[in-house]
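The structure appears below as structure tokens.
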Amino acid sequence: MSTASNTIKLHVEDLGTGAPALVFLHYWGGSSRTWRHVTQALAPAFRTIALDQRGWGQSDKPLAGYTLADLADDAQGLIESLALDRYVLVGHSMGGKVAQLLASRRPAGLAGLVLVAPSPPSPLNMPLDVRQDMVGAYDSRTSIVTTVEQVLTSTPLNPDDLETVVSDSLQGSTAAKAAWPLAASQEDITAQVALIRVPTLVISGEKDRVDPPAVLQQELMPRIPQATLYTLPGIGHLSPLEAPADLAALIQKFAVPLSQQH
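Start counting at 1 in the sequence shown, then tack on 424, and there's your number in my numbering.
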């Protein structure tokens, strides 16, 4: 399905019926499909809503409007259009930073926050030349596979999942591919995340080379009240595809008690 939010048409995968609803935001290069194994595991017990963020997947691809606030506005507009009265935000990497900003606004109905290999609220500590190189990381099948194998994963993806990653990365708009490494990753939202007031679960891959556990311990954990960190042994940055069953189990364990609280 697709729905208009913030004047942008967003593609959404909506499964299941249980509460609280789980709203999934993907990484830079991904789409709603990044979450498919996780949402399929959770959908019998929860309503799962995974969107293609602007510039990615089947959503609109405007030439501008890729700040964290723009992406958070899109997700907030979607949540409001679906009239979700109780939900948990789940964000991966770039989507994790967007989720932090949205959660800091304390939107009505937000019951919890799950940050999967999240980009920290402080500016990404990476030199400009490296970030400029990132802009071209998704330009070809060869560069995408190299990025997946050398940077994003610690364990090999199954062939179908690798094809999904290649397809999603190629589909991203030029503006979206450039906006994250050059601009949004450098936004500083450390002041805002101190305002988060919901239970927060941070899930990190032990072998993550993008946002390692040590960086999250330093840059994220002290800044978000009520945050707890869980580390997945042997897993890299792409845990939704490397360890979807483990991820789904952790999210379920976190979300079940939140369905009882009001």
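Here a beta-carbon is modelled for each residue, glycine too, at the ideal position from N, C-alpha and C.
If you drop the 5 nearest sequence neighbours on each side, which residues of the same chain put their C-beta closer than 7 Å to that of Leu-508?
For Leu-508, where only same-chain residues beyond five positions count, the Cβ hits under 7 Å are Ala-445 and Gly-533.
Taking the alpha carbon of Met-645 as the point to measure from, which residue in Leu-665, Ala-618 and Asp-612 has its own alpha carbon closest?
For the residues Leu-665, Ala-618 and Asp-612, the minimum Cα distance to Met-645 belongs to Ala-618.
Taking just the CA atoms, how far does Arg-471 sit from Leu-665?
Approximately 20 Å, taken between the alpha carbons.
Would you call Arg-530 buried or exposed, if buried means 16 or more other Cβ atoms sit within 10 Å of its Cβ?
Exposed, by the Cβ-count rule.
Could you pull the DSSP bridge partners for Asp-438 from this structure?
DSSP, once it has assigned bridges, lists Ile-473 as partnering Asp-438.
Count the C-beta pairs between the segment 633-642 and the segment 593-610 that are closer than 8 Å, then say yes if the count reaches three, no if not.
They do not touch, by the three-pair rule.
With DSSP collapsed to three states, give me the class of Gly-481.
Coil.
Can you have a look at Pro-545 and say buried or exposed, based on whether 16 or more other CB atoms are within 10 angstroms of its CB?
Classification of Pro-545: buried, given that the 10 Å Cβ count is 16 or more.
Might you give, ordered along the chain, the residues of its own chain that have their beta carbon closer than 6 Å to the beta carbon of Lys-485, omitting 5 neighbours on each side?
Once the five neighbours on either side are set aside, the close Cβ partners of Lys-485 are Gly-479 and Ser-597.
Within its chain, find whatever has a CB closer than 6 Å to the CB of Leu-548; leave out the 5 residues flanking it on each side and keep chain order.
So the list reads Ser-609, once near-sequence residues are dropped.
How big is the Cα-Cα spacing for Ala-541 and Gly-489?
Their backbone Cα atoms lie some 24 Å apart in a straight line.
Count the CB pairs spanning the segment 588-595 and the segment 611-631 that are closer than 8 Å, and state whether there are at least three.
Not touching, per the Cβ criterion.
To which residues does DSSP link His-516 through a beta bridge?
Val-540.
Assuming Gly-629 is part of the alpha helix (DSSP H), what are its boundary residues?
Taken as a continuous stretch (DSSP letters only), Gly-629 belongs to no alpha helix (DSSP H), being part of the beta strand (DSSP E) at 624-629.
If you follow the beta strand (DSSP E) that Leu-449 is in, where does it begin and where does it stop?
Element bounds for Leu-449: 445-449.
Looking at the structure shown, is Leu-606 part of a helix, part of a strand, or coil, going by DSSP?
Residue state, collapsed to three classes: helix.
Since Leu-434 and Ser-483 should fall inside the 8 Å C-beta cutoff, what is the C-beta to C-beta distance between them, to a whole number of angstroms?
The pair is a contact, with the Cβ atoms about 5 Å apart (cut-off 8 Å).
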